[in-house]
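Chains as they are written, first to last, in the working numbering: chain X, 1 to 276; chain C, 277 to 554.
Following: one structure in C-alpha cells, then a few remarks.
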Amino acid sequence: MNLKIDTRFVHLGAIANRVLIEKLRYPAGFCLGILAPIIIYLPFSFLARFIFSSQISPGSPNELMLRSYIFIGILVLSFFGNIMNDIGFYLLNERMHGTLLINYSILRSVNTLLRGVSIAVIGLQLLNSILLLLAGYFLLGIVFKADLLILLTVSAISVFCIGEMAVLYAYIILFANERGTIHRIFTGTIVPLLCGISFSAALLPSPLSIVSFLIPITHIATALRYALTGIGELSSVLKVNLPCLVCFVLLLFFVNQRFHDIVVTRFRTHGKWEHY
Amino acid sequence: MVNGNIIKTWTWALLAILRKDFLVSSKYPVSLLFSIFDTLISFITIILTARFIGLSSGTSPAAARTFESYILSGIVIYQFLDTVANGFAYSLIVEKNIGTIERNFTAPLPRFIFLVGMTLYDLGLSFVKIGILILGGKFLFGITFFGSHASCFLAFSMLFFMVLMSYGIGFWGAGTAVSSADPALSLFVLQKPLMVFCGVYYSIAVLPFLMQCVSLLFPITYAVDMFRFSISNHSTIILPQLELMIVVFGAIFMPICGYIRFKQLEQKYLHEGKLGQF
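In C-alpha cells form, the structure reads like this:
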C-alpha cells in the first residue's frame, strides 16, 4: 500500500518536473502571462478614468475601488484561461505526439497524468498571479485589503475547482471537432460576459444571471474580490460562494472519474491512443 | 506597363484565394458563427462595464448614452485592425504550418496581390461584423449615430483609410509572426498595445502625459478620432484638417513600410531556408 502511494508521488513529481522543464524552455510565454492581463486591464482602467473624469475628481475612492474590482476579475480570468489552455490541450498533444499510450501504460491512469500536469501548471500560474498582484500594487496603484484566512481558503478551493475544470476540459477537447472554436467559446469572450469579470453579474438579464450563477468562475471572482480587496460581503462569500465552489469541486471530481473510465474504455476498444 | 490580361489574371488569382478562404471557413460553421458573434459579445461586455462604471460614478443616463456611442464608434473602426491584421497574419502562419507557404510564394503572381488576396475574406467579414455591431448597438442598447451626408462620406473615408493602415500593420505583423518562434506572442505584443494607446474606448486625454505623447505618434489614433468626429460630433484632438492630413499620410505610408518590412523578413528567411519549416 505504502509502496503504491510512494510510486504515485514519484510519478506525479516526474510529470510535474517534465512540464516545468517544457514551460521554462519558453520564458517569453511566462512573461506574457504577466504582461497580457495588464494590457487587457489598461483599457478598462482608462475607461473608468474617462467616465469618472466627467463626474467627480479622478482618483476618488470609488474609482480606485472600481479599478481594483476590474483588476481582480482580470486576474481570475487570466489564471483560468492559462490553466485551461495548458492542461486542456495536454492529453490531445500527448495523443498527437504518440506518447499517450506509453504514459498510460506506466501510470495505469490518465487522471494521474493530468494531475501531475496540474501541479506544475497551477504552481507556475500561482507564481504568475503573485507577480501580477505585485505589479498591480506597485505599477497600477491597485489597493489591497486582504483578509488572509478567507484568502487562503478561497485560493485553495479555487485552485482545486479550476484544476478539476481543466481536467474535464482536457477530456472534452480530446474528442471535440472544432477545438479552436470550443477553446475560444470556453475561455474567450463568453466568460468575461457571463462571470462578471469587469462588471457586476447583477447587471445581466435574469436568464443570464442564472447561467452566471452556475459557472464556478463567477463565484471565484466574487470570493477573491472580497478576500483581496474587501469588495462585497463576507456573509455572501461564506454562505453562497464558498459552499457553491465546494459543490462544484465534488461534482467535477466525480464527473472526471466517469470521463476517465469512458476515455480508457473507448481507447481500449477502438485502439485510438495514437490516432490524430 | 500593366496590360488587360495581367489585370484579369490578378483578379482571377484574388478571387481564387477568396474562394479558398470561403470554402475553408464554410467547412467550420461553428467557428464562422462564433467569430461573427464574438465581436458582439465583446461589445456587450464593454458596454455593461461602462454602465457599471457609470452607476458607480453617478453618471446620468443621458451622459451614459454618450459614452456608449463613443465606445461603439471606437470599436467599429478598430474592427478592421483586429480582423484584417490578425486574419492576415494567422493565414500566413497556417500556410507555414501546413507547408504550403513556400510553394504559394513561387506562383507567378506579385507577392502584393497574393497578400492582399489573403485579406479579402477577412475584410468582408469585418463589414459583416460592423453591421452586426451597429444593429446590436441600436436594438440592444438604443445607440444611434447621427450626421449629414458630408459626415457620412467622411466616416466612410476614415473606414477606407483604416483598412489601408490595417494592411500596414498586417504586413508588418505577418512578417514578424511568420519568422517568430511564437507567432501568437508576436501578434499580441504588436497589436494589443495599440488598443490602449489609440483611444478606442476613451479619449486619449485621460492617458498619462508620456502615454499621450506615444499615442499621438500613431495615425490610427487620428483615424479613430476623426471617425468619431464624423459620426457623433465629438470634438477632435487637434484641428480636423490636420488630423485628416495625418490620416491620409498614414494610409499611404504605413502599407508601404509594412510591405518593405515583410519583403525584408521574407528574403531573410528564404535565404536561410526557414520559410517552409515548422
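For each residue, glycine too, the CB sits at the ideal point set by N, CA and C.
Keep in mind the model is a prediction, meaning the values are calculated, not measured.
Contacts of D314 of chain C in chain X (Cβ-Cβ under 8 Å) = R184, G188 and T189
ask   = Is the shortest distance between the beta-carbon of D35 of chain X and the beta-carbons of chain C less than 9 Å?
value = Before going on, a small fix: residue 35 of chain X reads as Leu here, not Asp. It does; some Cβ of chain C falls within 9 Å.
query = Would a C-beta distance cut-off of 9 Å place I231 of chain X and Y69 of chain X closer than the cut-off?
reply = yes
request  = Could you check what DSSP says for R179 of chain X in three-state terms: helix, strand or coil?
outcome  = helix
ask   = For S158 of chain X, which of helix, strand or coil comes out of DSSP?
value = helix
Bounding residues of the alpha helix (DSSP H) (the contiguous stretch that carries S349 of chain C) = P337 to F356
request  = Compute the distance between the beta-carbons of L399 of chain C and Y535 of chain C, then report whether it is under 9 Å.
outcome  = no
inquiry  = Pop quiz: R8 of chain X and T112 of chain X are said to be a contact at Cβ under 8 Å. What is the actual Cβ separation, rounded to whole angstroms?
reply    = 7 Å
Contact with chain X by G418 of chain C, beta-carbon distance below 9 Å = no
Beta carbon of M487 of chain C nearer than 9 Å to that of L430 of chain C = no
task = Measure the CB-CB distance between Y90 of chain X and A170 of chain X and report whether it falls below 9 Å.
result = yes
query = Buried or exposed: where does E22 of chain X fall if 16 or more other Cβ atoms within 10 Å of its Cβ makes it buried?
reply = exposed
DSSP state of L214 of chain X mapped onto helix, strand, coil = coil
query = With a Cβ-Cβ cutoff of 9 Å, do V110 of chain X and H219 of chain X count as a contact?
reply = no
key: Residue of X:P243, X:P43 and X:S235 minimising C-alpha distance to L214 of chain X   = X:P243
ask   = Exposed or buried, what is T265 of chain X when buried is set at 16 or more other beta-carbons lying within 10 Å of its beta-carbon?
value = exposed
query = What is the DSSP secondary structure of H510 of chain C, reduced to helix, strand or coil?
reply = coil
key: Whole-angstrom distance between G98 of chain X and S200 of chain X, CA atom to CA atom   = 45 Å
inquiry  = Less than 9 Å between CB atoms is the rule here; does S433 of chain C satisfy it with respect to chain X?
reply    = no
request  = Please compile the residues from chain X whose C-beta is within a distance smaller than 7 Å of the C-beta of M471 of chain C.
outcome  = P43
For K239 of chain X, three-class secondary structure by DSSP = helix
ask   = Can A120 of chain X be considered in contact with the ligand GTP, in the sense that its beta carbon sits closer than 8 Å to one or more heavy atoms?
value = Absence of the ligand GTP is noted for the structure shown, with no ligands found whatsoever.
task = Kindly indicate if chain X contains any beta-carbon less than 9 Å away from that of A333 of chain C.
result = Note that residue 333 of chain C corresponds to Ser in the displayed sequence, not to Ala. Interface residue, yes.
request  = Decide if the region 462-481 of chain C is in contact with the region 358-366 of chain C; the criterion is three or more beta carbon pairs, one per stretch, under 8 Å apart.
outcome  = yes
ask   = Hey, S427 of chain C and S506 of chain C are a contact pair by Cβ (cut 8 Å); roughly how many whole angstroms apart?
value = 4 Å
request  = Tell me, please, whether the CB atom of L324 of chain C is closer than 9 Å to any CB atom in chain X?
outcome  = yes
query = Mapping DSSP to helix, strand and coil, what is V143 of chain X?
reply = coil
task = Look at the alpha carbon of I293 of chain C and the alpha carbon of R537 of chain C, and state the distance between them as a whole number of angstroms.
result = 23 Å
Per-residue burial, H11 of chain X [other beta carbons within 10 Å of its own, 16 or more giving buried] = buried
inquiry  = Looking at the secondary structure, which residues open and close the alpha helix (DSSP H) in which N128 of chain X lies?
reply    = V110 to F138
request  = Report yes or no: do three or more beta-carbon pairs, one from the region 191-199 of chain X and one from the region 129-139 of chain X, lie closer than 8 Å?
outcome  = no
query = Would S54 of chain X count as contacting chain C if we go by Cβ distances under 9 Å?
reply = yes
ask   = For the alpha helix (DSSP H) that contains N93 of chain X, what are its first and last residues?
value = Y90 to H97
inquiry  = My output table needs one value for G449 of chain C: the three-state DSSP class, helix, strand or coil.
reply    = helix
inquiry  = Taking only three categories from DSSP, how would you classify I419 of chain C?
reply    = coil
inquiry  = To the nearest angstrom, how far is the alpha carbon of I374 of chain C from that of N82 of chain X?
reply    = 26 Å
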